[in-house]
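Asks: This is the structure I want to talk about, given as structure tokens.
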């Protein structure tokens, strides 16, 4: 199944500070629903403007980077049957987080896919 990244921009949230616990609870409810549906892979909030950039020569530069136009505030990775399913989960997160969500398909690595298929075949053989 394809995997999708559902994310939101750190500056996209528009709720008051005192609403943060309610927003967190709502987001956790969507995560639990995704887990129960078997589509949840991984996700979480991202520390705002606390990035390190590692150059090709290994030099590390620590942020924050105020010139950055957008940074990810949080994300979820879901494993669903279709883009339409990913958009439905994104809509649930949009309501819970009170902000728009971006949806992108994660491209697969054929070597990993081969390992997953191999593991599925082994499981199937064991079941017989």
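Residue numbers (the working numbering): 590 to 717. Each residue gets a CB set at the ideal place from its N, CA and C atoms; glycine is no exception.
1. Tell me whether the beta-carbon of residue 591 lies closer than 9 Å to the beta-carbon of residue 668.
2. Straight-line CA distance for residue 690 to residue 678?
3. Look at the Cβ atom of residue 608, then the Cβ atom of residue 660, and state whether they are nearer than 9 Å.
4. Which ranges would you report for the beta strand (DSSP E) in the region 619 to 671 if only whole runs of at least 3 residues count?
5. Hey, would you say residue 635 sits closer than 9 Å to residue 643, going by beta carbons?
6. Note down, in chain order, each residue of its chain lying with its Cβ closer than 8 Å to the Cβ of residue 622, except the 5 sequence neighbours on either side.
7. Taking the straight line between their C-alpha atoms, what separation do you get for residue 640 and residue 651?
Replies: On the basis of the coordinates in this document:
1. Working through the chain shown from its first residue, we reach residue 591 at position 2. Working through the chain shown from its first residue, we reach residue 668 at position 79. The answer is yes: Cβ separation under 9 Å.
2. Counting from one through the chain shown, the residue named residue 690 turns up at place 101. Counting from one through the chain shown, the residue named residue 678 turns up at place 89. Residue 690 and residue 678: Cα-Cα distance of roughly 10 Å.
3. Along the chain shown, read from residue 1 onward, the residue named residue 608 stands at position 19. Along the chain shown, read from residue 1 onward, the residue named residue 660 stands at position 71. For residue 608 and residue 660, no; Cβs fall outside 9 Å.
4. 629 to 634, 641 to 643, 649 to 651, 661 to 668
5. Taking the first residue of the chain shown as 1, we reach residue 635 at position 46. Taking the first residue of the chain shown as 1, we reach residue 643 at position 54. Contact: no.
6. In the chain shown, residue 622 corresponds to position 33, counting from 1. Around residue 622: 681.
7. Here residue 640 is taken as the residue at index 51 of the chain shown, counted from 1. Here residue 651 is taken as the residue at index 62 of the chain shown, counted from 1. Straight-line Cα distance between these residues: approximately 6 Å.
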